[in-house]
Amino acid sequence: MRTYLSIIAFLFSIIMMPAHAAKKHELRGAWIATVANIDWPSTKGNYEKQKDEMIAMLDSLHSCNINTIFLQVRPCADALYKSEMEPWSAYLSGKQGSEVNYDPLAFAIDECHKRCMEVHAWINPYRVTNGEGVDKLSKNHLYFRRPELFLTYGGKVYFNPGLEEVRDYLTSIVMDIVLRYDVDGIHMDDYFYPYKVAGEEFPDFETFKNHHRDQYDRQAWRRDNVNLVVKMIHDAIHRAKPWVWFGVSPFGVYRNEKDDWRATKAGASCTNYDELCADVLLWLEKGWIDYAAPQLYWELGREGLDYGVLSKWWGDWSYGRNMFVGLYASGLAVKKDKAWKEGNEVIRQLNTSYNNNKINGYIFYSAKYLRDDYRGLKTELKKDLFRYPALVPVDPMTESSPSSAPKGLKIEGDMMRWKPVVKKGGYDTRYYAIYCFSEFEDVDLNKVERIIAFTQTSEVDVQEFRLPNGNYKFVVTSINKFRHESKASKPVEFEKR
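The sequence shown begins at 3 in our numbering and counts up one residue at a time.
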């Protein structure tokens with residue numbers, strides 16, 4: 003079977019003057035939304051086509067140096083993976099609970115890791131239905147066995163966040179994924195307490211009365227309910243696999259300035275803290291999440307919701323943790339405002355914030371608009387900002403270190419080989435990076451443009467690099483599951499004829 007080798011376009015001469023310096027460490031992500039089949043799969047029940055679509059999606063994203071996929075695997079208390087706890091998702095088969103003949107999460111992990119890409123399992127904690135009736139739920143769903151764990155609001159069913167049993171259950175769902183799958187992260191988006199429905203109160207008064215834990219402000223109690231489950235999940239993950247990230251992509255406004263001195267002059271009608279009961283700054287400060295990726299889906303210059311102002315604000319309030327920015331690629335298709343119809347607003351936003359070293363990466367919503375090169379988005383990224391590959395940054399707050407450099411690097415005929423770096427747990431090799439330098443060039447791992455390939459194996463055919471004739475030297479590094487890169491191996495020389 004042919005080894006998958008991630009080849010990167012390689013040039014020694016600079017033929018263009020890019021607008022920004024290349025970044026070696028940067029998360030470049032895309033959300034693959036499965037709710038309502040937004041991004042994938044496009045067909046229900048045709049599992050071979052679903053696999054082909056996933057491969058095509060990953061190939062397209064990989065071609066513009068995307069290094070992280072956020073795959074929605076639990077959109078509505080269901081599963082796009084084999085689960086003993088929740089039913090198969092209707093977005094796979096057309097009917098919740100119907101048997102699926104493959105494991106989509108396992109398949110995606112395998113395909114992502116072949117391409118030396120990370121895959122994070124994206125779950126929605128509380129949502130059970132998304133507008134459809136409960137008659138569409140599987141007969142074996144927990145909703146029918148334990149109805150006291152759920153609430154209905156705005157015509158949708160949710161887990162009741164105020165119950166300890168719900169918090170325990172959600173933590174067990176996450177740990178079932180973490181312990182059985184080689185995921186690189188667990189991810190939640192902005193859906194904590196639901197967005198407000200006009201004229202309707204979230205029906206948790208009885209829960210508050212019976213489970214208030216000596217708290218008498220219901221909004222503060224609600225925030226504490228979310229705080230508790232966020233901390234529980236983070237702690238459980240880090241006890242088991244400390245290299246697996248737990249992160250959140252919150253709504254783009256934490257609070258309005260009139261309510262909090264830390265806030266921007268935003269004029270949002272909804273905020274994380276006050277409406278969604280998500281105290282994201284507390285989570286960052288306490289280390290209960292490993293990163294935040296706020297959804298900044300407004301254009302530059304928008305009054306009260308200016309992308310430039312908000313992106314800087316979030317970077318300033320990262321508490322030393324990784325801060326990524328969620329970009330609205332979908333807006334290039336669906337937004338009607340002038341800014342979104344002239345040129346490429348997403349590229350303009352990237353150009354505005356790209357030199358902010360407090361922002362450690364970007365995630366595009368949603369993947370299909372990047373895949374389909376909407377308004378030339380992928381083309382522009384490949385031309386400039388993402389023209390070279392990038393390594394996912396390490397978590398600055400998790401104690402970890404690089405693994406050892408590969409040893410025994412040699413080239414025999416056309417085959418390059420080295421001894422595998424095999425360690426335990428997070429220090430095991432996730433993949434290797436191969437650097438190619440000209441004959442008289444010093445080895446410098448800061449030169450991201452010299453990365454010629456990523457591979458999971460310790461053997462590659464140098465002819466696959468398609469180098470012009472000349473003399474070269476190669477070095478190899480190992481990248482472990484903690485995302486640390488090792489020192490370089492001893493170089494090996496090669497003459498291409």
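The C-beta atom is built at its ideal place from N, Cα and C for all residues, glycine as well.
### Message
Helix, strand or coil for Ser217? Go by DSSP, reduced to three states.
### Response
It should be noted that the sequence gives Gln, not Ser, for residue 217. It is coil, neither helix nor strand.
### Ile16 classed as buried or exposed, judged by whether at least 16 other C-beta atoms fall within 10 angstroms
Confidence at Ile16 is low in this model, with a pLDDT of 41, below 50, so its placement is unreliable and no value can be given for it.
### Query
Among all the DSSP beta bridges, which residues are the ones paired with Gly31?
Thr70, Ile365
### Task
Would you list the one or two residues that DSSP bridges to Trp315?
Paired residues: none, contrary to the question.
### Message
Can you find the residues in the same chain that come closer than 7 Å, C-beta to C-beta, to Lys2, ignoring five residues on each side of it along the sequence?
### Response
This structure does not reach residue 2, given that the chain is present from 3 up to 499, and the question cannot be answered.
### Query
Taking buried to mean at least 16 other C-beta atoms within 10 Å of its own C-beta, is Arg4 buried or exposed?
The pLDDT assigned to Arg4 is 45, lower than 50, so where the model puts this residue is not dependable; a value taken from the coordinates is nonetheless given after this. The residue is exposed, with fewer than 16 neighbouring Cβ atoms inside 10 Å.
### Query
Which residue from Ile235, Ile239, Glu208 puts its Cα closest to that of Arg224?
Comparing Cα-Cα distances from Arg224 to each of Ile235, Ile239, Glu208, the minimum goes to Glu208.
### Query
Is it the case that the CB of Ala108 approaches a heavy atom of the ligand ADP more closely than 7 Å?
Here there are no bound small molecules, and the ligand ADP is not part of this structure.
#### Entry: Pairwise C-alpha distance: Thr400 and Gly428
11 Å
### Message
Please classify Tyr434 as buried or exposed, where buried requires at least 16 neighbouring CB atoms within 10 angstroms.
### Response
With 16 or more other Cβ atoms from the protein chains shown falling within 10 Å of its own Cβ, Tyr434 counts as buried.
#### Entry: Run of the alpha helix (DSSP H) containing Phe146, from where it starts to where it stops
144-147
### Query
What is the rounded straight-line gap between the Cα of Val311 and the Cα of Lys412?
51 Å
### Query
Going by alpha carbons, who is nearest to Gly333 out of Gly415, Gly363, Val348, Gly187?
Val348
### Task
Can you give me the Cβ contacts of Lys384 inside the same chain, cut-off strictly under 6 Å, excluding the 5 residues immediately before and after it?
Cys66
### Message
Residues in the same chain with beta-carbon distance under 6 Å from Leu13, minus the five sequence neighbours each way, listed in chain order, please.
### Response
In this prediction, Leu13 has a pLDDT of 48, which is less than 50 and means its spatial position is unreliable; what the coordinates show is noted afterwards. Same-chain partners within the cutoff: there are none.
### Message
Is the beta carbon of Ala294 closer than 8 Å to that of Val282?
### Response
yes
### Proximity to Ala38 [Cα-Cα], best of Ser62, Met56, Pro77
Pro77
#### Entry: Alpha-carbon spacing of Glu120 relative to Leu307, whole angstroms
31 Å
#### Entry: Arg169 versus Leu144 - alpha carbon distance
Answer to the nearest angstrom: the Cα atoms are 14 Å apart.
### As assigned by DSSP and simplified to three states, the class of Ile17
Any answer about Ile17 is weak, because its pLDDT of 41 lies below 50 and its placement is not dependable; what the coordinates show is given next. If DSSP states are grouped into helix, strand and coil, Ile17 belongs with coil.
### Query
Among the residues of its own chain, which have a CB less than 6 Å from the CB of Asp184, if the five just before and after it don't count?
Ile111
### Query
If you run the structure through DSSP and keep just helix, strand and coil, what is Thr209?
helix
### Task
Please state whether DSSP places Asp281 in a helix, a strand or coil.
coil
### Task
Excluding the 5 residues preceding and the 5 following Asp375 in the sequence, name in chain order all residues of the same chain whose CB lies nearer than 8 Å to its CB.
Thr381
### Task
Hey, could you find the ends of the beta strand (DSSP E) Arg264 is sitting in?
Per DSSP, Arg264 belongs to no beta strand (DSSP E) and is neither H nor E.
### Query
Who pairs with Met190 in a beta bridge, going by DSSP?
Ile125, Val250
### Query
Curious, which full-length beta strand (DSSP E) runs of at least 3 residues does the stretch 323-371 contain?
324-330, 363-367
### Query
Rounded C-beta distance between Trp247 and Gly201? I'm assuming under 8 Å.
In fact, because the Cβ distance is near 39 Å, the residues do not count as touching under 8 Å.
### Query
How would you write the range of the alpha helix (DSSP H) that Glu113 sits in, first residue to last?
Start and end: 106-116.
### Query
In the DSSP assignment, what are the bridge partners of Asp463?
Met417
### Task
Give the range of the beta strand (DSSP E) segment to which Ile40 is assigned.
For Ile40, no beta strand (DSSP E) encloses it, and the DSSP letter there is neither H nor E.
### Task
Would you kindly work out how many angstroms separate the C-alpha atoms of Gly303 and Tyr330, rounded to a whole number?
Between Gly303 and Tyr330, the C-alpha separation is close to 15 Å.
### Which of helix, strand or coil DSSP assigns to Tyr171
Helix, per DSSP.
### Proximal residues to Gly472 (C-beta, below 7 Å), its chain only, five neighbours per side dropped
Lys498
#### Entry: Beta carbon of Met417 nearer than 8 Å to that of Glu461
Result yes, Cβ atoms of Met417 and Glu461 sit closer than 8 Å.
### Task
Evaluate the contact criterion for the stretch 137-151 versus the stretch 86-103: three or more CB pairs, one atom per stretch, below 8 Å.
yes
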